[in-house]
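Encoded as structure tokens, the structure appears first; notes follow it.
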DNA sequence: ATTAAAAATTTACGCGCGTCAAGAATATCG
DNA sequence: CGATATTCTTGACGCGCGTAAATTTTTAAT
């Protein structure tokens, strides 16, 4: 630190007593040099805080140490949570995650992928919009870079996909609700953009039929990402007009449920499974705030940790062997029933 | 598009009929070339989707078009919301925002600044931890790059600071609460990391004294970012033991309030200002979920938009004239009282 | 048309590092 | 100890672009 500043790898190689090409090799992969020389370099590193110029590094390098992470909307706590875990996993692996949010705008997803192109990422983790994604753009990107999808699936796109088994999770919830009270109706967005919503719809119908019950679907008008507001307004209308044929409502996701809980409270309808309660409301996702709703929300916890870790791990395995997967991997993790007070 | 791919600026200059140095100039600043040549370049751009290599671009360039945006914790909806706005404002201005979260870990803030150094950012927008920030590291960074702080202030650090006037906003809330019912006590974290918390504490005391009332402070044990949980546990304990000397509680921030609302619900205490209500609870920040709590939370809305825009604008003004501000700018925006049902 | 100013071109160099080939040094093993 | 396999050094080239100086072309103004 006391020495005059090191300007480039040439100078750093000089003070560390190692040739520049070897130093270059070290920075690419510290394990690729002999332990004795690694020690010399690392000793020098502690004395002369030198760090290679990332721009010069990446210029000639085919693949950088950058990992793109693209989520549809960071303002949604679900994505900030799972994005957070993915980010940390990348850092642990010695990569530089670049977190990009599409701010709820599908077109921006393509923009983000386009921006990533110029950063020559070693790989990309994408939680796509799904139906609203530009499938051609994503598939084109998939051809040029190692791409792993998570949260939302897109057929024949990406080298792998990791998400929650909505059929298992919804069935788990339907089973619980049927066993413990009236069979649930289903509350969802009318035109959801996320493919999970469609799967959950289908899963609900199938599960209800398997239980010998008649499915009842209620759909909320509205576009965009304001799920709580939509749940509150549309759910409130349905509650006020007594439209539900049952006193148990399964919401397609927690954010809708949070809105509906708010509406129920305003209508003085006591939500829960205890005596004196008017209706039960359940959600899906174990949203970070679902523990603090009134009453606390019964929901399905997605295995964030497993999804994030497996997606990252799979990507890194591809990077190691430096080839595409022989066959598209697809793994669904089970949801876990979280019983709280609302249902 | 039909032509063979352009490999570099040399080839692109050839097909556009302009010399490479001029093309280079164009990409630095499209307005720096004659309109007629700009048209030629842009015409060529539409035919041969060429984009300059960012790494080669930034290698020799002193300042890049990168803007660093560092927030303490993206998992907090407050920061994901304000980070979102800052990001979009940067994109509008033709810069590339790089959003970094410190994941609630103060040491990671310094790491993030260190990472940013190697990206040679044109400027950085930082929402610091405050007391827990490594002040020396931040100030050192301030000397090397244009730095603007927002949300949390640090004395003599950064070229400018933009945030909310906690004294104004807390006074507004205290005034309202006193006028409409019992004077509030104050509920906060015992050892808050955020400087805003200290200001709010002080603002509460001063405001109460100005109103001729005796301030009462209640502090919650607990560390970390689990404010809702802390609010629920500690707030619940205080409510259950009837420790509050008043039936109006002003929480230092919405997340604590959300936790306390949850505890109150569990205790069957009706919150609100109407008849039959046991207590009033108010918050601060207009957290995205405060509209959907039960009851909806009365709070102070921070002017996210203004804070984000002014911070970004101030930074860009510095970049334009390419010099530090003659004097450290500091501007506080007023909070807005949002009256809902909880108080 | 003349002239000065502005902009574009030509030529050339350098940035910091990746990477390759050939040879020298070192390590590993029987 | 010698033979072979690793690893390192030396020297050199190139990546794609920024940028500077000198020259030529274009534009604007008289």
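Protein chains in written order, with my numbering: chain A, 874 to 1216; chain B, 874 to 1216. A virtual CB, placed ideally from N, CA and C, is assigned to each residue, including glycine. From a predicted model like this one, the values you see are computed outputs, not experimental measurements.
*Among B/1029, B/941 and B/1095, which residue has its Cα nearest to the Cα of residue 1200 of chain B?*
Here residue 1200 of chain B is taken as the residue at index 327 of the second chain, counted from 1. For residue 1200 of chain B, the closest C-alpha among the options B/1029, B/941 and B/1095 is that of B/1029.
*Relative to the alpha-carbon of residue 945 of chain B, which residue among B/1095, B/972, B/1117 and B/1136 has its alpha-carbon at the smallest distance?*
The sequence position of residue 945 of chain B within the second chain is 72, counting from 1. Taking only the C-alpha atoms, the option nearest residue 945 of chain B is B/972.
*Considering only the beta carbon of each residue, do residue 821 of chain B and residue 1153 of chain B sit closer than 8 Å?*
There is no way to answer for residue 821 of chain B, as the model of chain B reaches only from 874 to 1216.
*For residue 963 of chain A and chain B, any beta-carbon pair shorter than 8 Å?*
For the purposes of this step, residue 963 of chain A is identified with residue 90 of the first chain, where counting begins at 1. Taking 8 Å as the CB threshold, residue 963 of chain A stays off the interface with chain B.
*Stretch-stretch touch, CB-based, cutoff 8 Å, three pairs: the region 1032-1043 of chain A with the region 1072-1086 of chain A*: The region 1032-1043 of chain A vs the region 1072-1086 of chain A: in contact.
*Buried or exposed: residue 1128 of chain B, going by 16 or more other Cβ atoms within 10 Å of its Cβ?*
On the second chain, position 255 is the one that residue 1128 of chain B refers to. Residue 1128 of chain B is classed as buried because its beta carbon has at least 16 other beta carbons within 10 Å across all chains shown.
_residue 1062 of chain B - partner residues in DSSP beta bridges_ = Residue numbering aside, residue 1062 of chain B sits at position 189 when the second chain is read from its first letter. Within the DSSP secondary-structure output, residue 1062 of chain B pairs in a beta bridge with B/1093.
_Quick check on this structure: which residue in B/1044, B/1188, B/1180 and B/1063 has the alpha carbon closest to the alpha carbon of residue 1172 of chain B?_
Within the second chain, residue 1172 of chain B is the residue found at index 299, counting from 1. Checking every option, the nearest Cα to that of residue 1172 of chain B belongs to B/1044.
*Residues of its chain near residue 953 of chain B, where Cβ-Cβ distance is below 6 Å and the 5 sequence neighbours each way are ignored*: As a first step, residue 953 of chain B is located in the second chain; it is residue number 80 there, counting from the start. In the same chain as residue 953 of chain B, and ignoring 5 residues on each side of it, the C-beta atoms closer than 6 Å to its own belong to 947, in chain order.
*Do you know offhand how far residue 956 of chain A's Cα is from residue 942 of chain A's?*
Position 83 of the first chain, counted from the first residue, corresponds to residue 956 of chain A. Position 69 of the first chain, counted from the first residue, corresponds to residue 942 of chain A. Whole-angstrom Cα-Cα distance: 7 Å.
_Would you call the region 1009-1029 of chain A in contact with the region 1166-1184 of chain A, where contact means no fewer than 3 C-beta pairs closer than 8 Å?_
A contact exists between the region 1009-1029 of chain A and the region 1166-1184 of chain A.
*asked:* Counting C-beta neighbours from all protein chains within 10 Å, is the total for residue 1003 of chain B 16 or more, i.e. buried, or is it exposed?
replied: Residue 1003 of chain B sits at position 130 when you count from the first residue of the second chain. When all chains shown are included, residue 1003 of chain B counts as buried.
*Name the residue from A/1118, A/1196, A/1161 and A/1013 whose alpha carbon lies nearest to the alpha carbon of residue 1177 of chain A.*
Here the question's residue 1177 of chain A lines up with position 304 in the first chain. Closest option to residue 1177 of chain A, Cα to Cα, is A/1161.
*Please work out which residues of its chain come closer than 8 Å, Cβ to Cβ, to residue 874 of chain A, disregarding the five sequence neighbours upstream and downstream, and give them in chain order.*
Translated into positions along the first chain, residue 874 of chain A becomes position 1. Because the pLDDT at residue 874 of chain A is just 48, under 50, the model does not fix this residue reliably, and the value given afterwards should be weighed accordingly. Counting only Cβ-Cβ distances below 8 Å, and skipping sequence neighbours, we find 920, 921 and 922.
*asked:* I want to see whether chain A comes within less than 8 Å of residue 880 of chain B, judged by CB atoms only; does it?
replied: Counted from its first residue, the second chain places residue 880 of chain B at position 7. Chain A, which has no Cβ nearer than 8 Å to the Cβ of residue 880 of chain B, makes this no.
_If distances are taken between C-alpha atoms only, which option among A/996, A/940 and A/982 comes closest to residue 970 of chain A?_
If you number the first chain from 1, residue 970 of chain A lands on position 97. Nearest Cα to residue 970 of chain A within the set A/996, A/940 and A/982: A/940.
*Whose C-beta lies closer than 6 Å to the C-beta of residue 1203 of chain A among residues of the same chain, with five residues either side of it excluded?*
Reading the first chain from its first residue, position 330 is the one you call residue 1203 of chain A. If we look at residue 1203 of chain A and ignore the five residues flanking it on each side, its Cβ neighbours are 1034.
*Taking the runs of the beta strand (DSSP E) that are 3 residues or longer, which of them lie wholly in the region 969-1021 of chain B?*
Restricted to the region 969-1021 of chain B, the beta strand (DSSP E) segments that are unbroken, complete and at least 3 residues in length are 969-974 and 996-999, listed in chain order.
_the ligand SAM heavy atom lying under 7 Å from the CB of residue 1058 of chain A_ = This structure simply doesn't include the ligand SAM, nor any ligand for that matter.
_Please list, in chain order, the residues of the region 1090-1105 of chain B that have any C-beta partner in chain A closer than 8 Å._
Flagged, chain order: 1101, 1102 and 1105.
*Compute the Euclidean distance between the alpha carbons of residue 1092 of chain B and residue 1062 of chain B, then round it to the nearest angstrom.*
Your numbering for residue 1092 of chain B matches position 219 in the second chain. Your numbering for residue 1062 of chain B matches position 189 in the second chain. Answer to the nearest angstrom: the Cα atoms are 5 Å apart.
*DSSP on residue 835 of chain B, reduced to helix/strand/coil?*
This structure leaves residue 835 of chain B out entirely; chain B is present only between 874 and 1216.
*asked:* For a minimum of 4 consecutive residues, which ranges assigned as the alpha helix (DSSP H) are wholly contained in the region 1124-1160 of chain B?
replied: As far as the region 1124-1160 of chain B is concerned, its whole alpha helix (DSSP H) runs of at least 4 residues are 1127-1139.
*For chain B, is any of its Cβ atoms less than 8 Å away from the one on residue 1167 of chain A?*
Here residue 1167 of chain A is taken as the residue at index 294 of the first chain, counted from 1. Output row for residue 1167 of chain A: interface = yes.
_Rounded Cβ spacing between residue 1120 of chain B and residue 1151 of chain B (contact assumed at less than 8 Å)_ = The count along the second chain starts at 1 and reaches residue 1120 of chain B at position 247. The count along the second chain starts at 1 and reaches residue 1151 of chain B at position 278. Residue 1120 of chain B to residue 1151 of chain B, Cβ: 7 Å. Contact.
*Who are the neighbours of residue 1132 of chain B on chain A, taking C-beta pairs under 8 Å?*
One-based indexing of the second chain puts residue 1132 of chain B at position 259. Chain A residues near residue 1132 of chain B: 1165.
*For residue 874 of chain B and chain A, any beta-carbon pair shorter than 8 Å?*
Start at 1 with the first residue of the second chain, and residue 874 of chain B comes out as number 1. Summary for residue 874 of chain B: the model assigns pLDDT 48, below 50, so the residue's position carries little reliability, and this model does not support an answer.
*Taking the runs of the alpha helix (DSSP H) that are 4 residues or longer, which of them lie wholly in the region 1160-1201 of chain A?*
DSSP runs (the alpha helix (DSSP H)) wholly in the region 1160-1201 of chain A: 1177-1194.
_Do residue 1087 of chain B and residue 1131 of chain B have their beta-carbon atoms positioned less than 8 Å apart in this structure?_
Taking the second chain and counting its residues from 1, one reaches residue 1131 of chain B at position 258. Taking the second chain and counting its residues from 1, one reaches residue 1087 of chain B at position 214. Residue 1131 of chain B is not a Cβ neighbour of residue 1087 of chain B, given a cutoff of 8 Å.
*Quick one: does residue 1162 of chain A have its CB under 8 Å from some CB of chain B?*
As a position in the first chain, residue 1162 of chain A is number 289, starting the count at 1. Taking Cβ atoms only, chain B reaches closer than 8 Å to residue 1162 of chain A, which makes this a yes.
*Residues that residue 931 of chain A contacts on chain B, provided the C-beta gap is smaller than 7 Å*: Numbered from its first residue, the first chain carries residue 931 of chain A at position 58. The CB of residue 931 of chain A comes closer than 7 Å to the CB of 928 in chain B, given here in chain order.
*Quick one: Cα of residue 1069 of chain A to Cα of residue 1005 of chain A, how far?*
What you label residue 1069 of chain A is simply residue 196 of the first chain in a count that begins at 1. What you label residue 1005 of chain A is simply residue 132 of the first chain in a count that begins at 1. Looking at the two C-alpha atoms, the distance is approximately 13 Å.
*Taking DSSP as the reference, what is the three-state secondary structure of residue 1033 of chain A?*
The residue given as residue 1033 of chain A occupies position 160 in the first chain. Residue state, collapsed to three classes: strand.
*Cα-Cα, which of A/1147, A/1112 and A/1191 is closest to residue 1141 of chain A?*
Position 268 of the first chain, counted from the first residue, corresponds to residue 1141 of chain A. For the residues A/1147, A/1112 and A/1191, the minimum Cα distance to residue 1141 of chain A belongs to A/1112.
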